[in-house]
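Some notes on the structure that comes next.
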Amino acid sequence: MTHSTKGTALVTGASTGIGAVYADRLARRGYDLILVARNEQRLNTLDRQITAETGRTVLAIPADLNDKAALARIEAILRTDRNITMLVNNAGIGSVASVLDSNADEMEAMISLNITALTRLTYAAAPAFVARGAGTIVNISSAVAIAAEKLNGVYSASKSYVLSFGHRLHQDLADKGVRIQTVLPAATATEFWDVAGYASQKQAASTMSTEDLVDAALAGLDQGELITIPALHDNDDWSRWEAGRLDLSAKLVNAKPAPRYVLPTQARV
Ligand code: NAP
Numbered sequence: 003m004t005h006s007t008k009g010t011a012l013v014t015g016a017s018t019g020i021g022a023v024y025a026d027r028l029a030r031r032g033y034d035l036i037l038v039a040r041n042e043q044r045l046n047t048l049d050r051q052i053t054a055e056t057g058r059t060v061l062a063i064p065a066d067l068n069d070k071a072a073l074a075r076i077e078a079i080l081r082t083d084r085n086i087t088m089l090v091n092n093a094g095i096g097s098v099a100s101v102l103d104s105n106a107d108e109m110e111a112m113i114s115l116n117i118t119a120l121t122r123l124t125y126a127a128a129p130a131f132v133a134r135g136a137g138t139i140v141n142i143s144s145a146v147a148i149a150a151e152k153l154n155g156v157y158s159a160s161k162s163y164v165l166s167f168g169h170r171l172h173q174d175l176a177d178k179g180v181r182i183q184t185v186l187p188a189a190t191a192t193e194f195w196d197v198a199g200y201a202s203q204k205q206a207a208s209t210m211s212t213e214d215l216v217d218a219a220l221a222g223l224d225q226g227e228l229i230t231i232p233a234l235h236d237n238d239d240w241s242r243w244e245a246g247r248l249d250l251s252a253k254l255v256n257a258k259p260a261p262r263y264v265l266p267t268q269a270r271v
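To convert a position in the sequence shown, counted from 1, into my numbering, add 2.
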């Protein structure tokens, strides 16, 4: 079997939802695939379907990315398989529960998948891509990276992490031929909402189809975007937000506290 000239895309969370559509679309674009998720049956079904429809080489690897040994196996593949040219860090779980209705163990598991696994896989892929002189890392964040009050606080914060991480990854890697794209989906019709505890969101009028979401994200990738927000119609809104953030960034370091924080002399102890 000859390998694709586009190389291989490794997609996490590929058994269903956004990841499964990425797998389909990337195969149609000419990538071979490595599909990672826990549900082996679903992965194998998708593997057979994509192989039959596109003729691409697909390898399904069942792995729980919250399991250190399983995660290490995927990291090793990213480091050593020279055909891999793209990593789609998509696996993630969410919640709508408040801090009073969720527990710390569940939140730790969410952090482990949404942050730790994504980070370790990026740390495995980035040097390998730099050594190969090219590569693309797509990290799936969320609109709640910005709209932080909408869902569970740990979930939103985990997606803010992905957004911030991507800014600096771009700075570290852009001149070394490695592309970063951070995608911020808003509500998308997947099982995410069943897991998150708000299943009815899948049918809401404001919810995007999974196909539309992934096709828009890939259009953003084609246009060279660092940040892609498929549901945001006026991109000037994002440009203004970024300009404001960068303007503020330049003002955040000062040897002197702001006058509003200078205590009156008699209050100093
Ligand atoms: P989904 O349909 O529930 O898919 C989640 C995927 O992650 C599944 O393939 C699942 O497969 C995999 N996964 C879950 N736990 C895993 C683990 N421990 N190890 C390995 N794989 C695991 O949800 P989705 O909407 O497609 O979510 C994909 C990404 O989009 C997530 O990062 C999510 O935060 C983000 N997102 C979604 C929405 C939305 O409205 N749907 C909005 C913004 C951002 P297995 O169960 O087989 O492991």
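Heads up, the beta-carbon is just placed ideally off N, CA and C, and yes, glycines get one too.
Remember, predicted model here, so these are calculated numbers, not experimental data.
Hey, quick one: how far does the alpha helix (DSSP H) through Pro1 stretch, first residue to last? With the chain covering only 3 through 271, there is no way to say anything about residue 1.
Simplified DSSP assignment, three categories, for Ala25: helix
Shorter than 6 Å, the distance from the beta carbon of Val36 to the closest heavy atom of the ligand NAP, or not? The sequence shown places Ile at residue 36, not Val. No; taking the cut-off as 6 Å, the Cβ of Ile36 has no heavy atom of the ligand NAP nearer than that.
Would the C-beta of Asp313 count as close to the ligand NAP, meaning under 6 Å from any of its heavy atoms? Limits of the chain in this structure are 3 at one end and 271 at the other, which puts residue 313 out of reach.
CA-CA distance, Ala150 and Ile231? 15 Å
Quick one, are the C-beta atoms of Asn91 and Asn141 less than 7 Å apart? yes
State buried or exposed for Arg267, treating a residue as buried only when at least 16 other CB atoms are found within 10 Å of its CB. Just to set this straight, residue 267 is Thr in the shown sequence, not Arg. Classification for Thr267: exposed.
Just confirm the distance between the C-beta atoms of Asp49 and Ala62, as a whole number of angstroms; I'd bet it's less than 8 Å. 4 Å
Taking three-plus beta-carbon pairs below 8 Å as touching, is the stretch 10 to 24 in contact with the stretch 36 to 44? Taking 8 Å as the limit for Cβ pairs, the verdict is that the stretch 36 to 44 does touch the stretch 10 to 24.
Gly179, DSSP secondary structure in three states: coil
Using alpha carbons as the reference points, say which of Lys204, Val132, Ala206 and Ala147 lies closest to Leu171. Comparing alpha carbon positions, the residue from Lys204, Val132, Ala206 and Ala147 closest to Leu171 is Val132.
Proximity test, Asp214 beta-carbon vs the ligand NAP heavy atom, cut-off 6 Å: No.
Given 8 Å as the limit, is there contact between the stretch 91 to 100 and the stretch 195 to 215, that is, 3 or more CB pairs closer than that? yes
Would you identify the three-state DSSP class for Asn141, choosing helix, strand or coil? strand
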